[in-house]
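Each protein sequence line maps, in turn, to chains A and B. Using this note's numbering, the letters of the first sequence correspond one by one to residues 182 to 552. Using this note's numbering, the letters of the second sequence correspond one by one to residues 182 to 552.
2 protein chains.
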Amino acid sequence: MPLPRQVFIAVIGAGGVGKCFLSQLQHLASNLSRSPSAPTYLSLILLSTSKKSIYHADYKSLNNWDTELQASATSPLPLPQLVEYLVKAPGKVVLVDNTSNQEIADTYPTFLKKGISIVTPNKKAFSSTYQLWTDIFSAAANGTGGGGYVFHESSVGAGLPVISTLKELVETGDEVRKIEGVFSGTMSFLFNSFQPVNGGGGKFSAEVKIAKEKGFTEPDPRDDLNGLDVARKLTILARLAGLKVESPTSFPVQSLIPKELESCSSGDEFLSRLPEFDGQMDELKAAAEKEGKVVRFVGSVDVPKGEVKVGLEKFDKSHPIAALKGSDNIIAFYTKRYGDNPLIIQGAGAGGEVTAMGVTGDLVKILSLLQ
Amino acid sequence: MPLPRQVFIAVIGAGGVGKCFLSQLQHLASNLSRSPSAPTYLSLILLSTSKKSIYHADYKSLNNWDTELQASATSPLPLPQLVEYLVKAPGKVVLVDNTSNQEIADTYPTFLKKGISIVTPNKKAFSSTYQLWTDIFSAAANGTGGGGYVFHESSVGAGLPVISTLKELVETGDEVRKIEGVFSGTMSFLFNSFQPVNGGGGKFSAEVKIAKEKGFTEPDPRDDLNGLDVARKLTILARLAGLKVESPTSFPVQSLIPKELESCSSGDEFLSRLPEFDGQMDELKAAAEKEGKVVRFVGSVDVPKGEVKVGLEKFDKSHPIAALKGSDNIIAFYTKRYGDNPLIIQGAGAGGEVTAMGVTGDLVKILSLLQ
């Protein structure tokens, strides 16, 4: 691709995904700079966490971000100043938002209008109010606006090509009828272990504990079990398929937090009381087993009916959703062109490296567009 | 996306894929022309089959190509004249090659060097000599050259996002270890019917006849059974993964045409004698069954070992390759990032509409790059 000679990169977030991205960025920058015919130089000009930041007034590259960040005593720039700093950079800028921060997401339209491009796995930008969705894409060059580009492949299924595939189905004129799948690595692991296709499986509360110990849940597992993470992903897919979904709470979302435990003051209290409800989960499991099925936590979008829902459903043991392994995601697109057998994408849908890969892939796309 | 105001499209081939593409092109052109902020006009300036062609010396749009083509008495332009005609068009040109013609494929470097972009499902361009592969990408803007762009998603798995996914894995620095799958709709149908996971299935020769009757094979089924089509796809994937594969005959490819039938003078003679070899196929089936497995016709690339192969292999009944349905393709990418559970893409990998979709999707990508 003919690439611009120099592009400035600003990164917010240096957690699990952020660290992996920074390492992938280093690899990419090194490759691009060595192109014999058209070298491109990616300069990291800002790195910010929730507590500190590093950047130079003269936009000098941060070559040792790791040590510089540790040594830094500089607070993060407030968002208006961040916008101003990036706008004045002497060249094209891509902002990489590796946080899940709502306030940063709310500022995307401002960045985009000023010509700053954005790549991000931040679901909140695309699954909050429909107004924010509209503001983002009406400002972006790849919406109807003339500003920066915005790509967010990793906001659904991490590095799996879910959003790009859905966009292509729509853009090339296919009729998307239904999208269905397992969109949470945590929920995938929990139900693949709770009711494996070949029988067995432990108590639900025990599987939640194991998932937490393995690092497959949020620090407080209720943040996975309430279904909101899956609802946010479904909101994004439904909107891309053309539905005007107002928010992730504007359609039915089944929470796996028993009503009686909603008032627990801590995740630990919740975990200690969860076994009281194992009987209910065992009943669901037995009912599915009777029909030769298994229970899975899925999300679906019925496009013609305009219906989105998230919750437990039963699947035949031979169904690809039932046969999923480990903490994999699976996404099935039922369309006019693909007929009875859907287009299926499957694989790890969470984790630092694969999420960062979606972000880096989007950055590559933007670089080819920023000619 | 900011798009150019007008792009000229030339299409070669108006068969199964070509007709579907022309219909998708019409839909796309209509959508793009209605964009309120930045309308783009796609003008079909040439349509050619192996027998006739339509085009105007003044590059006027072909608005009724169907009737114009039927009425045409004009022969197709010889390739040098075609190059000249397209080079002189008053704007950016994308050539859509919906043929499987080697001679046209051999001319890609010339088109690209002259700034003409290419989208195509034509496998021969990317799976013939390694020299042609090098010539194409060293001329293309998305190789190391400065010419037109070239995209060929539909050359493997039709509209499934196989090539774009592999490219992204490589570009973002993942380590691709193995690529494995069922790459032929014909082979998929034949073996899913010959040895279904749940038992049963007919004689192999009978399944070949059924597949031919359903239109799932080439007019002469030997063109599917010789494995060359799958070998071409594996050649493309192996090259994208970084292996210098010289040609689709430079690695082991198992043909399902019995040696004794290689000299059959016609497809009909071949089909009438194929039942003589059902015993051999039944033995393979029984041997797999004994191990609790099924036989499938697969291709694989072992990247670290530099090995490519195509042929029959046995798979556990719980393996995703065994569980495939109908004439679906499945492609599994085993990489460092994805670990033990591969990234899997599955769905229809043949057929006019889905193949054309890959072509149209590539055209959309080129339009966004042709600013």
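All residues carry an ideal CB built from backbone N, CA and C; glycine is no exception. Note that this is a predicted model, so its numbers are computed, not measured.
Quickly, what does DSSP pair residue 323 (chain A) with across the bridge? List them, please.
-> In DSSP, residue 323 (chain A) forms no bridge with anything.
Which bits of chain B does residue 209 (chain A) rub up against, with CB to CB less than 9 Å?
-> 352, 353 and 354
Starting from residue 483 (chain B), follow its DSSP beta bridges and name the residues at the other end.
-> B:359 and B:488
CB-CB under 6 Å to residue 227 (chain B), same chain, minus the five flanking residues each way: which ones, in chain order?
-> 191 and 236
Hey, which unbroken runs of the alpha helix (DSSP H) at 4 residues or more fall wholly within the region 264 to 322 of chain B?
-> 283 to 287, 289 to 294, 305 to 308 and 311 to 320
Taking the alpha-carbon positions, what's the residue 335 (chain B) to residue 449 (chain B) distance?
-> 30 Å
Can a CB atom of chain A be found closer than 7 Å to the CB of residue 368 (chain B)?
-> no
Mind checking residue 361 (chain B): buried by the 16 CB within 10 Å criterion, or exposed?
-> buried
Give the straight-line distance between the Cα atoms of residue 480 (chain B) and residue 371 (chain B), rounded to the nearest whole angstrom.
-> 15 Å
At least one CB of chain A closer than 7 Å to the CB of residue 301 (chain B): is that the case?
-> no
Given residue 447 (chain A) as reference, the closest of A:403, A:469, A:196 and A:347 once Cα atoms are compared = A:403
If you check the beta carbons only, do residue 536 (chain B) and residue 339 (chain B) fall under 7 Å apart?
-> yes
Tell me whether residue 529 (chain A) sits in a helix, a strand or coil according to DSSP, three-state version.
-> strand
At which residues does the alpha helix (DSSP H) containing residue 463 (chain B) begin and terminate?
-> 459 to 471
Length-filtered (3 minimum) beta strand (DSSP E) runs lying within the region 337 to 397 of chain B | 357 to 363
Using 10 angstroms around the beta-carbon of residue 245 (chain B), count the other beta-carbons present and answer buried if the total reaches 16, otherwise exposed.
-> exposed
Where are the alpha helix (DSSP H) runs, 4 residues long or more, that stay fully inside the region 184 to 225 of chain B, in chain order?
-> 197 to 214
First and last residue of the uninterrupted alpha helix (DSSP H) at residue 509 (chain A) = Counting along the chain, residue 509 (chain A) falls outside any alpha helix (DSSP H), though it belongs to the beta strand (DSSP E) covering 509 to 516.
For residue 495 (chain A), three-class secondary structure by DSSP | strand
Determine the chain A residues that contact residue 519 (chain B) at a beta-carbon separation under 8 Å, and present them in chain order.
-> 528, 529 and 535
Can you list, in chain order, the residues of the region 211 to 223 of chain A whose Cβ is nearer than 9 Å to any Cβ on chain B?
-> 212, 216, 217, 218 and 219
Taking only the alpha-carbon atoms, compute the straight-line gap between residue 296 (chain A) and residue 269 (chain A) and give it to the nearest angstrom.
-> 11 Å
When you compare only the Cα positions, how much space is there between residue 332 (chain A) and residue 202 (chain B)?
-> 27 Å
Residue 420 (chain A): which of A:240, A:252 and A:310 sits nearest, CA to CA?
-> A:310
Give me the Cα-Cα distance between residue 383 (chain B) and residue 445 (chain B), rounded to the nearest whole angstrom.
-> 24 Å
In whole angstroms, what is the alpha-carbon distance linking residue 451 (chain A) and residue 442 (chain A)?
-> 6 Å
Assuming residue 439 (chain B) contacts residue 458 (chain B) under a Cβ cut-off of 8 Å, what Cβ separation, rounded to an integer in Å, is found between them?
-> 5 Å
Using a C-beta cutoff of 7 Å, does residue 376 (chain B) count as contacting chain A?
-> no
Can a CB atom of chain A be found closer than 7 Å to the CB of residue 259 (chain B)?
-> no
Just checking my contact of residue 530 (chain A) with residue 341 (chain A) at CB under 8 Å: how many whole Å lie between their CB atoms?
-> 6 Å
Quick one: measure Cβ to Cβ for residue 476 (chain B) and residue 495 (chain B), integer angstroms, because I've assumed they're closer than 8 Å.
-> 6 Å
Let me know the secondary structure DSSP gives residue 426 (chain B) once reduced to three states.
-> coil
In terms of residue numbering, what span does the beta strand (DSSP E) encompassing residue 235 (chain A) cover?
-> 234 to 236
Any beta-carbon of chain A closer than 7 Å to the one on residue 315 (chain B)?
-> no
Closer than 7 Å, CB to CB, is residue 342 (chain B) near chain A or not?
-> yes
Which residue or residues does DSSP assign as beta-bridge partners of residue 524 (chain A)?
-> A:514
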